[in-house]
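Participant: Quick note on numbering: the sequence shown equals residues 2 to 387 in this note's numbering. Here a beta-carbon is modelled for each residue, glycine too, at the ideal position from N, C-alpha and C. In this text, all values refer to a predicted model and were calculated from it rather than measured experimentally. Before we start, here is the structure in question, set down as structure tokens.
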Amino acid sequence: MGRLPRVGAVSFQKLLKQGVAPQQLFSFSAERLQSLGLSQRAIAMLQATSLKQLDTFEPLTPWLEGVQKDVMWAEHPDHHIICYHDPRYPPLLKEIHDPPSCLFVAGFPELLSAPQIAVIGSRNPSQSGLGNTRNFSRHLSQNGLVITSGLAAGIDGEAHQAALDSGGFTIAVAGHGLDSLYPRKHLNLARAICKAGAVISEYPIGTQARPQLFPRRNRIISGLSCGVLVVEAALKSGSLITARMALEQGREVFAIPGSIHHPLSRGCHSLIKQGATLVESGEDMFSELQGFASMNFSLPDLRACQEEDICHNEVSEEKPTTSDPAAVEEGSAILTYLDFSPLPLDVIVDRSGMSVSEVASELVLLEIKGLVIEEAGGYCLQPPAE
Numbered sequence: 002m003g004r005l006p007r008v009g010a011v012s013f014q015k016l017l018k019q020g021v022a023p024q025q026l027f028s029f030s031a032e033r034l035q036s037l038g039l040s041q042r043a044i045a046m047l048q049a050t051s052l053k054q055l056d057t058f059e060p061l062t063p064w065l066e067g068v069q070k071d072v073m074w075a076e077h078p079d080h081h082i083i084c085y086h087d088p089r090y091p092p093l094l095k096e097i098h099d100p101p102s103c104l105f106v107a108g109f110p111e112l113l114s115a116p117q118i119a120v121i122g123s124r125n126p127s128q129s130g131l132g133n134t135r136n137f138s139r140h141l142s143q144n145g146l147v148i149t150s151g152l153a154a155g156i157d158g159e160a161h162q163a164a165l166d167s168g169g170f171t172i173a174v175a176g177h178g179l180d181s182l183y184p185r186k187h188l189n190l191a192r193a194i195c196k197a198g199a200v201i202s203e204y205p206i207g208t209q210a211r212p213q214l215f216p217r218r219n220r221i222i223s224g225l226s227c228g229v230l231v232v233e234a235a236l237k238s239g240s241l242i243t244a245r246m247a248l249e250q251g252r253e254v255f256a257i258p259g260s261i262h263h264p265l266s267r268g269c270h271s272l273i274k275q276g277a278t279l280v281e282s283g284e285d286m287f288s289e290l291q292g293f294a295s296m297n298f299s300l301p302d303l304r305a306c307q308e309e310d311i312c313h314n315e316v317s318e319e320k321p322t323t324s325d326p327a328a329v330e331e332g333s334a335i336l337t338y339l340d341f342s343p344l345p346l347d348v349i350v351d352r353s354g355m356s357v358s359e360v361a362s363e364l365v366l367l368e369i370k371g372l373v374i375e376e377a378g379g380y381c382l383q384p385p386a387e
């Protein structure tokens, strides 16, 4: 049904509210289908299918080919298509305004109903942002919560990896069909997630990654979760959209504060001003999640997915970007290890792999250029002019 033209999650909910089950559509008259608000093309396709006019109605060909792709994909033992009325469909997701009519799941569908926390943030985080992501995700995972995110570069990927490293479970919500993967660099991460979690999508097999699809998947990330943690985010970002969706869905929203000079702190500060809970540790979150935090979840048998079948299609590479224009300064590799919180010299040396003299010399040059300042016994990026 998800492949019918102009029949999305909202249309599906309208049908459910009218007491119509998807399989009934094939037996309804054209007049009845029209009264349900279906498009003329969708009606023609349903009618042709019910009358077995499969060879005479040309628009049916790509539709049936698409359905065949879905069925073939689901033949793999670790691939599942979970429809709305399936008992494995996550109850929390049913509560949102426009839940998907079905979910494609690579991995363990049982996890979808486990207590989850969404950990989200910038694709180009600071070093402290990555560190916070690791610490929070590990703590939450070790206390029985599944870490859910969007498999994007930056905070998302770090959250998934931290959950895996701590021996916990994680769910990745993709913005494309599960026969492909974006970003491609997370292919190995996706394979690991399938062995200790699930990669899921509402989009049918063959759907390639497109920018307009990712905002839609954000409602699933928040809808699956009992709360959303925003680690770092700019004022205008997808993470803030997800946080607002979470509020609309009645979920808890948590935000980690940061430097007032850091652009990626401003989104979190904005959320806090709007009522999000300020958190400095994982423990701060549990008082708001009382019923969920005490629920431990385990699977008795985690079967390994066959790696070559999880995400095998080539997709476009993600273009590398940086969180600050200064980071592209010629010969200033050290800038990639700095953010707006002071970092001691020995830590910079350790992270960069350079000698103390090399780091000290480059820091002096960066100070002269006005890109770096020395503050509180360490070095940080020059705050942007207001």
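Which residue wins for smallest C-alpha separation from M246, given the options A119, W74, G67?
Facilitator: One-based indexing of the sequence shown puts residue 246 at position 245. When each option's Cα is compared against that of M246, the closest is A119.
Participant: Can you give, in chain order, each stretch of the alpha helix (DSSP H) that sits fully within the segment 103-145 and has at least 4 residues?
Facilitator: 128-143
Participant: Hey, quick one: how far does the beta strand (DSSP E) through I201 stretch, first residue to last?
Facilitator: Within the sequence shown, numbered from 1, the residue matching residue 201 stands at position 200. For I201, the enclosing beta strand (DSSP E) stretches over residues 198-202.
Participant: Apart from the five residues on each side of it in sequence, which residues of its chain come closer than 6 Å, Cβ to Cβ, to A160?
Facilitator: The residue labelled residue 160 in the question sits at position 159 within the sequence shown. Result list for A160: V120, T134, S138, I148, S150, in chain order.
Participant: Let's test the definition: count the other Cβ atoms within 10 Å of the Cβ of Q307 and tell me whether it reaches 16, buried, or not, exposed.
Facilitator: For the purposes of this step, residue 307 is taken as the residue at position 306 of the sequence shown. Since pLDDT at Q307 reaches only 40, below the 50 mark, its modelled position is unreliable, and the value read off the structure follows with that caveat. With fewer than 16 other Cβ atoms within 10 Å, it is exposed.
Participant: For A173 versus L112, is the C-beta spacing smaller than 7 Å?
Facilitator: Walking along the sequence shown from the start, residue 173 turns up at place 172. Walking along the sequence shown from the start, residue 112 turns up at place 111. Against a cut-off of 7 Å, the Cβ pair of L112 and A173 comes out as no contact.
Participant: If you run the structure through DSSP and keep just helix, strand and coil, what is G268?
Facilitator: As a position in the sequence shown, residue 268 is number 267, starting the count at 1. Helix, per DSSP.
Participant: Hey, C381 and L339: beta-carbon distance below 7 Å or not?
Facilitator: Reading the sequence shown from its first residue, position 380 is the one you call residue 381. Reading the sequence shown from its first residue, position 338 is the one you call residue 339. Contact flag set, yes.
Participant: Quick test of the definition: if touching needs 3 or more C-beta pairs under 8 Å, does the segment 269-287 touch the segment 236-245?
Facilitator: yes
Participant: Can you tell me which of the three DSSP states H177 falls into?
Facilitator: Residue 177 sits at position 176 when you count from the first residue of the sequence shown. Coil, per DSSP.
Participant: When the Cβ atoms of the segment 98-112 are set against those of the segment 195-213, are three or more pairs found closer than 8 Å?
Facilitator: The segment 98-112 makes contact with the segment 195-213; the number of CB pairs closer than 8 Å reaches 3 or more.
Participant: Ordered along the chain, which non-local residues of its own chain (more than five positions away) have a Cβ less than 6 Å from that of G132?
Facilitator: One-based indexing of the sequence shown puts residue 132 at position 131. None.
Participant: Who are the Cβ neighbours of V360 in its own chain at under 8 Å, not counting the five residues just before and after it?
Facilitator: Reading the sequence shown from its first residue, position 359 is the one you call residue 360. Counting only Cβ-Cβ distances below 8 Å, and skipping sequence neighbours, we find I335, L346, I349, V350, S353.
Participant: Between R192, S240, A175, L236, which lies nearest to Q209 when the distance is taken from Cα to Cα?
Facilitator: Residue numbering aside, residue 209 sits at position 208 when the sequence shown is read from its first letter. Of the candidates R192, S240, A175, L236, the one whose C-alpha sits nearest the C-alpha of Q209 is A175.
Participant: Using DSSP bridges, identify the partner residues of G228.
Facilitator: The residue you call residue 228 lines up with position 227 of the sequence shown. Bridge partners of G228: I118, E253.
Participant: When DSSP labels each residue in this structure, what does L300 get in the three-state scheme?
Facilitator: Against the sequence shown, residue 300 aligns to sequence position 299. Legend: pLDDT at L300 = 47, less than 50; position of this residue unreliable, no value from coordinates given.
Participant: Quick check on the DSSP output: the beta strand (DSSP E) that includes S150 runs from which residue to which?
Facilitator: Translated into the one-based positions of the sequence shown, residue 150 becomes position 149. First-last of the beta strand (DSSP E) with S150: 147-150.
Participant: With a CB to CB cut of under 8 Å and the five nearest residues on each side skipped, what residues in its chain are close to S226?
Facilitator: The sequence position of residue 226 within the sequence shown is 225, counting from 1. Around S226: L93, Q117, I118, A119, T149, A247, R252.
Participant: Is the beta carbon of A235 sitting closer than 7 Å to the one on L265?
Facilitator: Locating residue 235 in the sequence shown gives position 234, where the first residue counts as 1. Locating residue 265 in the sequence shown gives position 264, where the first residue counts as 1. Yes, the pair counts as a contact, with Cβ atoms nearer than the cut-off.
Participant: Closest by CA to T171, which one among A193, F215, D87, S36?
Facilitator: In the sequence shown, residue 171 corresponds to position 170, counting from 1. A193 is the residue among A193, F215, D87, S36 whose C-alpha sits nearest the C-alpha of T171.
Participant: By the three-class DSSP mapping on this structure, what secondary structure does H81 have?
Facilitator: Position 80 of the sequence shown, counted from the first residue, corresponds to residue 81. Here H81 sits in strand by DSSP.
Participant: To the nearest whole angstrom, what separates the beta carbons of G228 and E284, a pair I think is in contact under 8 Å?
Facilitator: If you number the sequence shown from 1, residue 228 lands on position 227. If you number the sequence shown from 1, residue 284 lands on position 283. G228 to E284, Cβ: 14 Å. No contact.
Participant: What's the call for Q143, buried or exposed, on a 16-neighbour Cβ count within 10 Å?
Facilitator: By 1-based counting over the sequence shown, the position of residue 143 is 142. Exposed, by the Cβ-count rule.
Participant: Count the other C-beta atoms from every protein chain shown that fall within 10 angstroms of the C-beta of V365, then say buried if there are 16 or more, exposed otherwise.
Facilitator: Mapped onto the sequence shown, residue 365 falls at position 364. Residue burial is scored here from C-beta neighbours: V365 has fewer than 16 other C-beta atoms within 10 angstroms and is therefore classed as exposed.
Participant: Classify V357: buried if its beta carbon has 16 or more other beta carbons within 10 angstroms, exposed otherwise.
Facilitator: Here residue 357 is taken as the residue at index 356 of the sequence shown, counted from 1. Exposed, since its Cβ has fewer than 16 Cβ neighbours within 10 Å.
Participant: Output needed for I222: all residues of its chain with C-beta closer than 8 Å, excluding positions within five of it in sequence on either side, in chain order.
Facilitator: The residue labelled residue 222 in the question sits at position 221 within the sequence shown. Excluding sequence neighbours, I222 sits near A119, I121, T149, S150, G151, V174, V229, T243.
Participant: Checking 7 Å against the spacing of the C-beta atoms, do G178 and G207 come in under that value?
Facilitator: In the sequence shown, counting from the first residue as 1, residue 178 sits at position 177. In the sequence shown, counting from the first residue as 1, residue 207 sits at position 206. The answer is yes: Cβ separation under 7 Å.
Participant: Can you check the segment 337-379 for any beta strand (DSSP E) of at least 3 residues that lies completely inside it and give the ranges in chain order?
Facilitator: Within the segment 337-379, the runs of beta strand (DSSP E) that reach at least 3 residues and sit entirely inside it are, in chain order, 373-376.
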